[in-house]
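**Student:** Heads up: the sequence shown at position 17 corresponds to 7 in my numbering, and the numbers run straight through without jumps.
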Amino acid sequence: MNYYEVLGVESTATAEEIKEAYRNKAKELHPDTLPIDVNETVRKLAEEKFKELNHAYEILSDADKKREYDAELIHLQRTDLIKKIGDFFDNGQLSEAVECAKRLHALLSEDAECCDIYAEVLQASAIAFAETNTAENLTQAKEYLTTALEVVKSAEIKNQITANLELLKSRTGTSGGRERREGETPAIKITTERALQMLRGGEAGIKAWNQFRKMESYVPSLEGVDLSGQNLRNANLSEANLKNSNFKQAVLGVVIFSNSNLVECDFTDAKLYNTNFNNSDLKNSKFIQASFTEVNFNSADLESADLTSVLCYSSSFANANLQNAILNQSRGFILTFYKHRYSEDIRFIAAVDYVTNTSENGRDSKFIDKYKEYQKTDFQGANLSGASVIGANLQECNLEGANLTNTNFSNANLYRANLKNTIIANTDFRGTDLRKADLTGANAYYFAFHDNAQVSGTIGID
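1) Do residue 43 and residue 15 come within 8 Å of each other at the CB atom, strictly closer than that value?
2) Could you compute how far the alpha carbon of residue 202 sits from the alpha carbon of residue 210?
3) So residue 88 and residue 71 are supposed to be a Cβ contact under 8 Å. How far apart are they, rounded?
4) Going by C-alpha to C-alpha distance, which of 286, 38, 315 sits closest to residue 278?
5) Could you tell me the boundaries of the beta strand (DSSP E) in which residue 283 lies?
6) For the putative contact between residue 392 and residue 317, defined by C-beta atoms under 8 Å, what is the C-beta separation to the nearest angstrom?
7) Quick one: what's got a C-beta closer than 6 Å to residue 188's C-beta in the same chain, skipping five residues either side?
8) If residue 216 and residue 234 are in contact, beta carbons under 8 Å, what's the gap, nearest whole angstrom?
9) Report yes if the C-beta distance between residue 243 and residue 223 is below 8 Å; otherwise report no.
10) Enumerated in chain order, which unbroken segments of the beta strand (DSSP E) with a length of 3 residues or greater are wholly contained in the region 53 to 114?
11) First and last residue of the beta strand (DSSP E) that includes residue 261?
12) Just curious, the alpha helix (DSSP H) that residue 374 is in, first and last residue?
13) Let me check understanding here. Comparing Cα to Cα, which of 402, 303, 109 lies closest to residue 144?
14) In this structure, does DSSP put residue 402 in helix, strand or coil?
15) Under 8 Å, do residue 272 and residue 290 count as touching if we go by C-beta distance?
16) Indicate whether at least one CB of chain D lies closer than 8 Å to the CB of residue 45.
17) Going by DSSP, what residue range makes up the beta strand (DSSP E) through residue 24?
18) What residue range does the beta strand (DSSP E) around residue 241 cover?
19) Please report how far the alpha carbon of residue 98 lies from the alpha carbon of residue 47, in whole angstroms.
20) Give every residue of the same chain whose Cβ lies closer than 8 Å to the Cβ of residue 158, excluding the five residues on either side of it in the sequence, and list them in chain order.
21) Is the beta carbon of residue 370 sitting closer than 8 Å to the one on residue 308?
22) Could you compute how far the alpha carbon of residue 372 sits from the alpha carbon of residue 386?
23) So which of 367, 270, 22 has the shortest CA-CA distance to residue 281?
24) Start and end of the beta strand (DSSP E) containing residue 208?
25) Determine the extent of the beta strand (DSSP E) in which residue 478 is found, giving its start and end residues.
26) Within 7 Å: the Cβ of residue 410 and any heavy atom of the ligand ZN?
27) Looking at residue 429: is its Cβ nearer than 8 Å to the Cβ of residue 413?
28) Decide if residue 288 is buried, meaning its Cβ has at least 16 other Cβ atoms within 10 Å, or exposed.
29) Can residue 141 and residue 95 be called in contact, C-beta distance under 8 Å?
30) Count the other CB atoms within 10 Å of the CB of residue 410; is the residue buried (16 or more) or exposed (fewer)?
31) Spatial neighbours of residue 227 within its chain, please: CB distance less than 7 Å, with the 5 preceding and 5 following residues excluded, ordered by chain position.
32) In this structure, does DSSP put residue 449 in helix, strand or coil?
Structure representation (C-alpha cells):
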C-alpha cells in the first residue's frame, strides 16, 4: 500500500499539503456520509477505506515515521524497477528497459549502482542502435553513450562506454550521426589503449570490438597487452599482433586467433574451447596447465612452445610445427560424450580418471560403461621433431605422417595411437605404452627402445 497514493499526493508533498489532502479525503470517505439504509457490505468497505486513510495520515504526518516509511518505499521501488529492467532486457525490450532505468536514476540519482545500471542499459541500447548502421540510429546511439558517460560511476564501465563512443565517432566523424562516406579517412583511429578498453569491457566491449573489426580494415597493435583473467568469448583477434601478450587464466571460448602473431605469449592456466589458432605464430608461447577443448591448431607454428601438463580434448594440430615443443605430462587427448547428455564438467573429471585407471585393453570397464564415442586429438602431418612428450597421454591420437625426429616419448601413453608413416630418427620410446599402436610404414628399427616399453599387439613391428 502506497500511503501517498491513498492521500492522493506526490511523495514530494509538504506537511501542509498532506494535511489538506487528508481533510478533503476524510470528508469524501467518512462512513457517516453514507445513507442510513446503505448495504452493510458497502458500509464495511467504506470503514476499511477510512481506516486506511487515517493510518496513512498518521504515518505521513509524523516526521520520524514518514522518514522511515520513505526509506522503505524507495527500497521497494528500487527493487521493483531493477527487476523490471532485467525482465525487459532479457526479452529484448531495450526501449522499455531504458525508460525504467531512467526512472530508477531519477529516483536515486546519487546511488552508484542505480547510476551504473542506467549507464549499462544505455550502452547496450546504443550498441543495438549502432548495429543497424543508419544515420538516425547512429545519432541516437551517440546520444545514449554521451548520457551514459554523464551518469556512470564505475571506472570499469566508464572505460567501456568511452571506448564504444570513440569507436562510434571513428565511424561517423565528429559531426554527430553522419555516416562516414566510402573512402573517407576515419576522424579517430582506434589506438592500442582504446582497443584494450573494449577487450576488457565484458560482453558489451567484445561486441563493440567485433563491430570495429567488421567496419575497419586495420588492426591496432596489441603487442605486450595484459588480458590475464579476462573473458574474451567470441572475440575476433585474427591477424592481430599480440606478441608477448599475457593471457594467463583467461577464458578464450570461440576466440579467433587465426593468422595472428602470438610469439612468446603466455596462456598459462587459460581455458580454451572452440578456439581457432589456424596458421598462427605461437613460437615460444606458454600453455602450461591450460585446457583445450576442440581447439584448432592446424598449420600453427608452435616451435619451442611449452604445453606442459595441458588437458586436451578433441583438438587438432594437423600440419602444425611442434618442433622442440614441450608436452611433458600432458593428458586427456580425447573427448568423451556422456551417453545421456554432454557435460563439460564430466568431460574434465573423466579425463583425469581415464589417465590413471586404464584396463589391459586401454579402457577401464567402469569408464566405458558410462561413456561412448571418442574423438581423438589430431597431430596428422605435424612436425614434432625434437619435442619433449615425456609422460604425456596421447592415447588413440592420430600422428599419421608426423615428423618424430629426435622426439622423446619416454613413459608416454600411445595406446592405440595411429603412427602410420611417421618420420622416425632417434625417437625415444623408453617405457612408452605402444600397445595396439599402428606403426605401419614408420621404420620401427630406428626407435630407441627399452626393456619396459609395452608393445603387446603393436602393428607394424612384426
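No residue lacks a Cβ here, since even glycine has one placed at the ideal position from N, Cα and C. Here the structure is a predicted model, which is why all the values come from computation and not from measurement.
**Tutor:** In terms of the structure at hand:
1) What you label residue 15 is simply residue 25 of the sequence shown in a count that begins at 1. What you label residue 43 is simply residue 53 of the sequence shown in a count that begins at 1. For residue 15 and residue 43, yes; Cβs fall inside 8 Å.
2) Your numbering for residue 202 matches position 212 in the sequence shown. Your numbering for residue 210 matches position 220 in the sequence shown. C-alpha separation (whole angstroms): 11 Å.
3) Taking the sequence shown and counting its residues from 1, the one referred to as residue 88 is at position 98. Taking the sequence shown and counting its residues from 1, the one referred to as residue 71 is at position 81. The Cβ separation is near 12 Å, so there is no contact.
4) By 1-based counting over the sequence shown, the position of residue 278 is 288. The candidate whose alpha carbon is nearest that of residue 278 is 315.
5) Here residue 283 refers to the residue found at position 293 of the sequence shown. It spans 281 to 283 - the beta strand (DSSP E) in which residue 283 sits, taken as one unbroken run.
6) Numbered from its first residue, the sequence shown carries residue 392 at position 402. Numbered from its first residue, the sequence shown carries residue 317 at position 327. The pair is not a contact, with the Cβ atoms about 12 Å apart (cut-off 8 Å).
7) As a position in the sequence shown, residue 188 is number 198, starting the count at 1. Excluding residues within five positions, the ones whose Cβ falls inside 6 Å are 153, 195, 198, 199.
8) Counting from one through the sequence shown, the residue named residue 216 turns up at place 226. Counting from one through the sequence shown, the residue named residue 234 turns up at place 244. With 8 Å as the limit, residue 216 and residue 234 do not qualify as a contact, their Cβ atoms being about 10 Å apart.
9) Against the sequence shown, residue 243 aligns to sequence position 253. Against the sequence shown, residue 223 aligns to sequence position 233. In this structure, residue 223 lies closer than 8 Å to residue 243 by Cβ.
10) none
11) For the purposes of this step, residue 261 is taken as the residue at position 271 of the sequence shown. Looking at the DSSP string, the run of the beta strand (DSSP E) that includes residue 261 is 261 to 263.
12) Within the sequence shown, the letter at position 384 stands for residue 374. Careful: residue 374 lies outside any alpha helix (DSSP H) and carries neither H nor E.
13) Reading the sequence shown from its first residue, position 154 is the one you call residue 144. Per the Cα distances, 109.
14) Working through the sequence shown from its first residue, we reach residue 402 at position 412. Looking at residue 402 - three-state DSSP - the assignment turns out to be coil, as it is neither helix nor strand.
15) Taking the first residue of the sequence shown as 1, we reach residue 272 at position 282. Taking the first residue of the sequence shown as 1, we reach residue 290 at position 300. Contact flag set, yes.
16) The structure shown contains no chain D; it holds only a single protein chain.
17) Along the sequence shown, one-based indexing puts residue 24 at 34. Where residue 24 is concerned, there is no enclosing beta strand (DSSP E), given that its DSSP letter is neither H nor E.
18) On the sequence shown, position 251 is the one that residue 241 refers to. 241 to 243 is the extent of the beta strand (DSSP E) around residue 241.
19) Position 108 of the sequence shown, counted from the start, is the residue given in the question as residue 98. Position 57 of the sequence shown, counted from the start, is the residue given in the question as residue 47. Going by the C-alpha atoms only, they are around 25 Å apart.
20) Residue numbering aside, residue 158 sits at position 168 when the sequence shown is read from its first letter. Only 116, 120, 128, 131, 132, 135 meet the Cβ criterion.
21) To locate residue 370, count along the sequence shown from 1; it is residue 380. To locate residue 308, count along the sequence shown from 1; it is residue 318. Yes.
22) One-based indexing of the sequence shown puts residue 372 at position 382. One-based indexing of the sequence shown puts residue 386 at position 396. The alpha-carbon atoms of residue 372 and residue 386 are separated by roughly 16 Å.
23) As a first step, residue 281 is located in the sequence shown; it is residue number 291 there, counting from the start. Comparing Cα-Cα distances from residue 281 to each of 367, 270, 22, the minimum goes to 367.
24) Within the sequence shown, the letter at position 218 stands for residue 208. Premise fails: residue 208 is in no beta strand (DSSP E) and is neither H nor E.
25) Any question about residue 478 goes unanswered here, given that the chain covers just -9 to 452.
26) Absence of the ligand ZN from the depicted structure is noted, as is the absence of any ligand whatsoever, leaving it without description.
27) Counting from one through the sequence shown, the residue named residue 429 turns up at place 439. Counting from one through the sequence shown, the residue named residue 413 turns up at place 423. No; because the gap between Cβ atoms is not below 8 Å, this pair is not in contact.
28) The sequence position of residue 288 within the sequence shown is 298, counting from 1. So residue 288 ends up on the buried side.
29) Locating residue 141 in the sequence shown gives position 151, where the first residue counts as 1. Locating residue 95 in the sequence shown gives position 105, where the first residue counts as 1. Cβ atoms of residue 141 and residue 95: closer than 8 Å.
30) Here the question's residue 410 lines up with position 420 in the sequence shown. It is buried - the Cβ of residue 410 has at least 16 other Cβ atoms within 10 Å.
31) The residue given as residue 227 occupies position 237 in the sequence shown. Within the same chain, residue 227 has close Cβ partners 245, 246, 247, 250.
32) In the sequence shown, residue 449 corresponds to position 459, counting from 1. DSSP places residue 449 in strand when its eight states are reduced to three.
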